[in-house]
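Below is one structure, written out as structure tokens; the observations come after it.
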Amino acid sequence: MVSKCANPDCTAPFRYFHQGKLFRFETEAGLERRRAMGTDSDGKQMRRLEFYWLCDKCASKMTLVFDRDAGMSVRANSRAESAAA
């Protein structure tokens, strides 16, 4: 459940969908998680949807990137970088 801005340096609480930017990432559950859920018999990768939110202030200069190995991270938005130059 989304409760606050995904930027670790921001404490803005999530209140409304029309404020900020909501991100949806589809991830694959690892082998350990499949075993814990009791669904490792068919060998298929389980897919999981994860939601993250950036507040208006953070969304104007940042974006979220998901990497299979590193997980979710906050990155500077390319539009914000070009505007600052």
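Reminder that position 73 of the sequence shown reads as 72 in numbering that gives the first Met the number 0, one-by-one numbering, no gaps. Don't be surprised by glycine CBs; every beta carbon is placed ideally from N, CA and C.
| Asked | Found |
| --- | --- |
| Use the C-beta contact count for A83: other C-beta atoms within 10 angstroms, 16 or more gives buried, fewer gives exposed. | Note on A83: pLDDT 49, under 50, position unreliable in the model; the coordinate value appears next. Under this definition A83 is an exposed residue. |
| For K3, which option in A69, R46, K56 has the closest C-alpha, if you only look at C-alpha atoms? | K56 |
| Taking Cβ to Cβ, would you say L53 is nearer than 9 Å to R23? | no |
| Drop a sphere of 10 angstroms on the beta-carbon of F13, count the other beta-carbons inside from all chains shown, and report buried for 16 or more, exposed for fewer. | buried |
| Per DSSP, P12 forms a beta bridge with which residues? | K3 |
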